[in-house]
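Below is one structure, written out as structure tokens; comments come after it.
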């Protein structure tokens, strides 16, 4: 077998191994936004058939915060996830906006943020979901570590 052919095969194998490793790390690390984890509901609100929740999962020295909307009827609209973190590990201000489209009787993850934490850090979270009928669902939470 010629040397250039062996090099080409080796490069293809190496490329495939790198891609596969990346996928494995992404799905096992818990950083994939759609992954269902053990999360605690830290704030809940409802407006008509629309409910919104802020969920929290602590992963090592980080906290994962997720905005979730659910409805007993089909609804669509916009959601905003606002976070302000301060403390010894630094300050962060995050403002996410996303659309949602729900089938009746379902829930969906609308926003997802992971932040590093230290002792005495504080996070203020607001999650606002507004369906097309305009009646807001507004959940808020304060976390201190």
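In the working numbering, the protein residues as written are 88 to 232.
Beta carbons: idealized from backbone N, C-alpha and C, even for Gly.
Exposed or buried, what is residue i when buried is set at 16 or more other beta-carbons lying within 10 Å of its beta-carbon?
i	result
residue 140	buried
residue 145	exposed
residue 155	buried
residue 159	exposed
residue 190	exposed
residue 163	exposed
residue 206	exposed
residue 224	buried
Using DSSP with H/G/I as helix, E/B as strand and the rest coil, what is residue i?
i	result
residue 204	coil
residue 127	strand
residue 232	coil
residue 84	Coverage of the chain is limited to positions 88 through 232, which leaves residue 84 absent and any answer about it impossible.
Who are the Cβ neighbours of residue i in its own chain at under 7 Å, not counting the five residues just before and after it?
i	result
residue 228	129, 130, 141, 212
residue 226	130, 131, 132, 139, 140, 141, 214
residue 204	148, 149, 150, 176, 232
Can you find the residues in the same chain that come closer than 6 Å, C-beta to C-beta, to residue i, ignoring five residues on each side of it along the sequence?
i	result
residue 138	157
residue 169	182, 213
residue 208	174, 176, 232
residue 194	155, 157
residue 167	184, 215
Could you pull out every residue in the same chain whose Cβ sits closer than 8 Å to the Cβ of residue i, ignoring the five residues on either side in sequence?
i	result
residue 165	184, 185, 186, 187, 216, 217
For the ligand FMN, is there any heavy atom lying closer than 8 Å to the beta carbon of residue i?
i	result
residue 158	For the structure depicted, the ligand FMN is absent and the ligand set is empty, with no information on it obtainable.
Using 8 Å as the threshold, is the region 130-141 in touch with the region 171-186, meaning 3 or more CB pairs across them? no
Below 8 Å, can you find three or more Cβ-Cβ pairs linking the region 217-227 to the region 143-153? no
For a minimum of 3 consecutive residues, which ranges assigned as the beta strand (DSSP E) are wholly contained in the region 144-196? 149-158, 162-173, 179-189
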